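Notes for the one structure printed next.
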């Protein structure tokens with residue numbers, strides 16, 4: 001009896017195997033892209049269109065029941081208070097509820113959000129001595145709880161973030177602020193410690209969202225994360241934007257609903273906005289481009305071979321423009337050796353290998369950007385030699401970065417790292433040239449890691465790869481020790497982009513004052529622990545320069561300084577990382593702001 | 001009329017019964033073939049692949065590359081290519097040879113499976129034997145411990161332990177691969193001994209009332225000696241069966257952990273990791289997930305067949 005069943009099972013198994021292999025055999029000789037995907041594309045549209053059309057309301061006016069906007073995000077949102085997280089995911093999630101004074105649009109121009117107009121020298125908003133900026137605020141703005149918004153909220157937000165015990169991650173944006181005062185209910189004056197040429201770093205874009213004073217008044221300082229009411233507030237801040245939190249499951253999804261008190265609530269199209277986080281980018285792309293389950297997905301970080309057939313399905317558009325960030329490798333200038341215990345990766349522990357400029361240059365020369373771009377990114381990224389690629393006018397053009405294996409070997413020889421007879425890994429004083437290299441878990445990044453590991457093996461450097469879950473790697477250092485902020489490795493890879501047009505905070509990530517360490521709970525921006533007085537001097541010159549053309553020149557110099565000193569290896573300028581359903585109107589690219597900066601205006605079109 | 005017949009032994013009988021169990025024989029054959037391929041195959045295959053790579057114009061970095069360096073070789077002329085002469089299992093998104101990666105991964109997956117099995121069996125037998133032989137309070141404590149372990153959700157706990165202790169173990173041992181290997185074996189084995197313990201205890205409970213144990217006790221044989229010399233050999237059958245089944249589940253457990261991205265470092269292609277990486281390309285290149293997935297399937301199926309066969313063969317009532 002039993003035996004009989006086993007035989008039946010086996011026969012079925014064999015049959016299935018044969019069938020499977022037959023399928024493999026048939027599809028195998030096909031060219032990999034177009035033909036295999038064409039049928040699925042057709043099937044996809046055939047299935048989805050009938051359901052999609054009735055969903056679009058026939059009435060052109062955005063009223064009544066307009067359904068849900070479904071957004072997939074590669075990482076899940078964990079907190080909605082933008083001052084307690086540096087993760088893009090959390091800032092983007094908060095942007096849907098909260099507003100700054102002004103946003104950057106797709107052309108890198110400022111558009112007023114809570115401000116009535118953009119201050120300038122001409123309208124007197126920016127003082128002639130660049131010592132202060134005066135913002136006129138919109139007068140008719142209500143918080144989603146119905147109370148009026150006023151200049152006091154702006155002042156409060158500053159006080160909230162600058163209280164050291166709050167644990168605010170954006171203190172750097174207020175570093176130059178001497179005083180913020182409410183001149184009247186709709187006027188805010190920011191006075192700078194130093195005259196600043198770029199006053200649009202504070203309260204602008206997704207890193208300058210305004211919190212409600214009434215809600216957070218008791219949350220300044222240590223209460224911010226410990227008090228129960230404050231913890232609740234961090235998960236559901238009251239905002240002024242078109243949507244408010246309906247349901248939030250940290251680490252999973254956020255559902256937003258229409259904010260009835262929004263100043264333009266009549267034109268808010270969607271009833272609900274749903275951000276689901278944590279899926280892999282490939283299935284997110286499929287959900288938008290093939291099955292139509294979702295309307296929008298950010299960060300299509302998947303390899304070319306996967307992405308191209310998905311895009312070919314034709315149900316989505318990519319949202320192009322500017323730069324979505326520079327994929328880079330950071331060197332750790334501190335020693336990440338676990339044997340150091342508490343002293344691990346502390347700034348006063350120099351990295352025994354990477355503190356040698358020649359080694360860093362050799363690594364930079366050994367890496368084959370061209371191959372990474374061609375094999376992995378395809379149309380979604382181009383090789384770059386610069387760490388600063390936006391705005392265009394500020395981008396250096398003087399550098400080249402061809403792969404140079406022989407040059408890299410020569411540099412390593414000169415640095416005393418010699419290849420032992422018949423060996424594969426260089427050594428110095430009996431120590432092998434061995435580096436650890438971490439990033440987040442993502443098929444694209446693992447393929448990049450594999451290429452880089454092989455590139456470096458070509459010149460005799462052994463690399464140990466490490467990959468952590470995205471929510472861990474980009475998470476906050478307070479929770480675990482595998483984050484990019486602690487950087488307990490020699491090399492790490494991620495992509496980043498400037499937050500504001502002025503590039504002040506972008507270039508700040510390499511100055512001594514921003515060095516991450518245990519004592520500041522790794523909340524600073526300089527995860528490399530790079531500290532160079534010359535760079536600091538150049539940076540100070542940059543931030544105190546007022547003339548735009550000279551600023552552009554200095555920005556190029558800062559970029560070249562970092563590259564020539566081999567502080568960081570820019571790999572790829574990433575393009576078009578977002579995909580939207582064809583019937584969704586609104587998403588644009590914004591190099592300096594959240595992809596949701598204009599979410600209030602998103603709508604469906606027939 | 002009497003003819004001379006060789007005496008029938010217990011093992012001889014078992015072997016005769018086992019031979020009649022066709023799925024078990026099939027499993028045995030497949031398993032031996034797999035083991036041979038994974039242990040000896042690379043010596044031939046690395047030459048073959050190296051030759052093929054030279055022929056296709058993408059020679060490896062070294063003159064006589066070993067399997068470890070071949071699995072990281074990018075053949076850029078063969079990105080996501082289906083199975084062919086040069087790449088019998090096809091190639092992945094970076095032109096790496098899938099068969100080489102499967103062979104390398106097989107060593108790790110099978111090694112983890114076997115080592116975890118040994119650990120689980122050792123632990124399970126020890127606990128089961130002590131509980132079964134001594135009974136009473138000891139039995140109660142050990143069996144409640146067993147129940148406790150059975151009630152723990154295996155995968156989440158495993159993930160947690162690997163995540164929490166990986167760094168420390170790797171730091172202690174100084175080597176990534178060895179450290180992670182040890183941790184995986186400890187964790188997988190540490191969560192798989194319960195069924196063995198129960199089987200051994202049950203067997204011991206019935207055996208210890210038999211006359212030959214009474215006799216041994218009466219003769220003053222020490223307890224450990226009774227357990228080792230008299231009881232364990234009689235419980236051999238059930239233990240062997242449990243062991244074979246354990247290998248299969250350990251391979252699956254390792255695959256699951258690797259699939260979830262913890263465990264071995266990302267450039268170590270265990271079978272589970274290969275399935276994860278390949279799952280991205282199910283549409284463009286299905287062979288990337290199907291081959292390693294098929295290998296896991298085949299191995300576990302064969303082992304289970306062998307286990308079934310052994311169970312039937314070692315059961316004297318049949």
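Protein chains in written order, with full-length UniProt numbering: chain A, 1 to 606; chain B, 1 to 318.
Note that the Cβ used here is the ideal one computed from N, Cα and C, for glycine as well.
These numbers come from a predicted model, not from an experiment.
Quick check on residue i: does DSSP put it in helix, strand or coil?
i	result
residue 235 of chain B	helix
residue 112 of chain B	helix
residue 279 of chain A	coil
residue 111 of chain A	strand
residue 352 of chain A	coil
residue 428 of chain A	strand
residue 74 of chain B	coil
residue 604 of chain A	strand
residue 583 of chain A	coil
residue 119 of chain A	coil
residue 560 of chain A	helix
residue 69 of chain B	helix
residue 550 of chain A	helix
residue 64 of chain B	coil
residue 173 of chain A	helix
residue 213 of chain B	helix
Which stretch, first to last residue, makes up the alpha helix (DSSP H) that contains residue i?
i	result
residue 87 of chain A	Careful: residue 87 of chain A lies outside any alpha helix (DSSP H) and carries neither H nor E.
residue 56 of chain B	41 to 56
residue 247 of chain A	Segment 243 to 249 is the beta strand (DSSP E) holding residue 247 of chain A; no alpha helix (DSSP H) there.
residue 455 of chain A	443 to 458
residue 20 of chain B	10 to 20
residue 543 of chain A	533 to 543
residue 522 of chain A	No alpha helix (DSSP H) holds residue 522 of chain A; DSSP gives it neither H nor E.
Since residue i is in the beta strand (DSSP E), which residue starts that stretch and which ends it?
i	result
residue 253 of chain A	253 to 258
residue 184 of chain A	177 to 184
residue 573 of chain A	568 to 574
residue 104 of chain A	102 to 104
residue 283 of chain B	First-last for residue 283 of chain B: undefined, no H or E at that position.
residue 229 of chain A	Not the beta strand (DSSP E): residue 229 of chain A falls in the alpha helix (DSSP H), residues 228 to 235.
residue 466 of chain A	462 to 468
residue 135 of chain A	132 to 136
residue 436 of chain A	434 to 440
residue 530 of chain A	Note, residue 530 of chain A: premise wrong, no beta strand (DSSP E); not H, not E.
residue 69 of chain A	68 to 73
Quick one: using the 10 Å Cβ neighbour count with 16 as the cut-off for buried, is residue i buried or exposed?
i	result
residue 16 of chain A	In this prediction, residue 16 of chain A has a pLDDT of 49, which is less than 50 and means its spatial position is unreliable; nothing more can be read from the coordinates.
residue 153 of chain A	buried
residue 15 of chain B	exposed
residue 237 of chain B	buried
residue 485 of chain A	buried
residue 32 of chain B	exposed
residue 21 of chain B	buried
residue 304 of chain B	buried
residue 62 of chain B	exposed
residue 542 of chain A	buried
residue 416 of chain A	exposed
residue 75 of chain A	buried
residue 589 of chain A	buried
residue 194 of chain B	buried
residue 550 of chain A	exposed
residue 202 of chain A	buried
residue 214 of chain B	exposed
Is the closest heavy atom of the ligand NAP to the C-beta of residue i under 7 Å?
i	result
residue 514 of chain A	Within the structure as shown, the ligand NAP is missing, as the structure has no ligands at all.
Those runs of the alpha helix (DSSP H) which lie wholly inside the region 356 to 425 of chain A and span at least 4 residues: Counting whole runs of 4 or more residues, the region 356 to 425 of chain A contains the alpha helix (DSSP H) stretches 357 to 366, 369 to 372, 405 to 414.
Residues in the region 259 to 275 of chain B having any Cβ partner in chain A nearer than 7 Å: 261, 265, 266, 267
3 or more residues per run - each beta strand (DSSP E) lying fully within the region 472 to 515 of chain A: 491 to 496
- prompt: Can you list the alpha helix (DSSP H) stretches of 4 or more residues lying completely in the region 149 to 205 of chain B, in chain order?
  reply: 154 to 173, 176 to 190
Alpha helix (DSSP H) runs wholly inside the region 261 to 344 of chain A, at least 4 long, in chain order: Taking 4 residues as the shortest admissible run, the region 261 to 344 of chain A contains the following complete alpha helix (DSSP H) segments, listed from N- to C-terminal end: 281 to 289, 304 to 312.
message: Could you tell me which whole alpha helix (DSSP H) segments of length 4 or greater appear in the region 126 to 152 of chain B?
response: 136 to 151
field: Under 9 Å (Cβ pairs) to chain A, residues found in the region 160 to 180 of chain B
entry: 163, 167, 168, 170, 171, 176
- prompt: Which residues, in chain order, does the region 277 to 303 of chain B contribute to contact with chain A at a C-beta distance below 8 Å?
  reply: 277, 280, 281, 283, 284, 285, 286, 287, 290, 294, 301
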